Amino acid sequence: MADPLIYVGTHAIKDGMLETAEDASRELVEFVEANHPRMIHFEIYIDEDAREMTVVQVHPDDDSMLLHVQLAGDRIKAAYEFLDATTNIEIYGTPGEQLVSLIDQMRMGSPVRVNTAVAGFSRLG
């Protein structure tokens, strides 16, 4: 059985672009929900100062996250019209080399930190 992956990416929002970021976030969520049935959880948060957006994704496996990048790739690239930079990327689980390479190409200078499980359990599915 493949291990689930959790992706947490934090991005700085450009000044004056909060409303655009919120609208694009709602559109992306609708798109992902309609087009990516394997995604377990997808949520976008904006901090109380409205300076950063954090995207949280839970995937059943590496293939699901690769599919997400393929499906939403154009929308992810377009997000940098309202995002200033990716400030942090955390992956929980064991991503394959292809996924790590793909995220590394898209990270916009941010470090990518991979966290491997030592102990735990999941009731996700």
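According to the working numbering, the sequence shown is numbered sequentially starting from 341.
Glycine included, C-beta positions come from ideal geometry on N, C-alpha and C.
In this text the structure is predicted, and so the values were computed from the model without any measurement.
Quiz item: Which residue from GLU370, PHE461 and GLU359 puts its Cα closest to that of ARG415?
Solution: Working through the sequence shown from its first residue, we reach residue 415 at position 75. The shortest C-alpha separation from ARG415 is found at GLU370.
Practice problem: Would you list the residues sitting across from ILE384 in a DSSP beta bridge? | Solution: In the sequence shown, residue 384 corresponds to position 44, counting from 1. Its beta-bridge partners are VAL395.
Exercise. Put THR434 into one of helix, strand or coil per three-state DSSP.
Key: Mapped onto the sequence shown, residue 434 falls at position 94. DSSP places THR434 in coil when its eight states are reduced to three.
Quiz item: Can you find at least 3 beta carbon pairs, one from the region 380-396 and one from the region 350-358, that sit closer than 8 Å?
Solution: yes
Quiz item: Which class does ALA457 belong to by DSSP, given the choice of helix, strand or coil?
Solution: Sequence index remark: in the sequence shown, residue 457 carries index 117 (1-based). ALA457 falls in the coil class under three-state DSSP.
Self-check item: Residues near MET357 by beta carbon distance below 7 Å, same chain, minus five either side
Solution: Here the question's residue 357 lines up with position 17 in the sequence shown. Only PHE422 meet the Cβ criterion.
Self-check item: Nearest-angstrom Cβ-Cβ length linking ASP402 and LEU439, presumed shorter than 8 Å
Solution: As a working mapping, residue 402 is identified with position 62 in the sequence shown. As a working mapping, residue 439 is identified with position 99 in the sequence shown. With a Cβ gap of about 5 Å, ASP402 and LEU439 count as contacting.
Quiz prompt | Three-state class that DSSP yields for HIS376 in the structure shown | solution = As a position in the sequence shown, residue 376 is number 36, starting the count at 1. Here HIS376 sits in coil by DSSP.
Practice problem: Check each candidate in MET405, LEU411 and THR426 and name the one with the smallest Cα separation from TYR347. | Solution: Position 7 of the sequence shown holds residue 347. Comparing Cα positions, the closest option is MET405.
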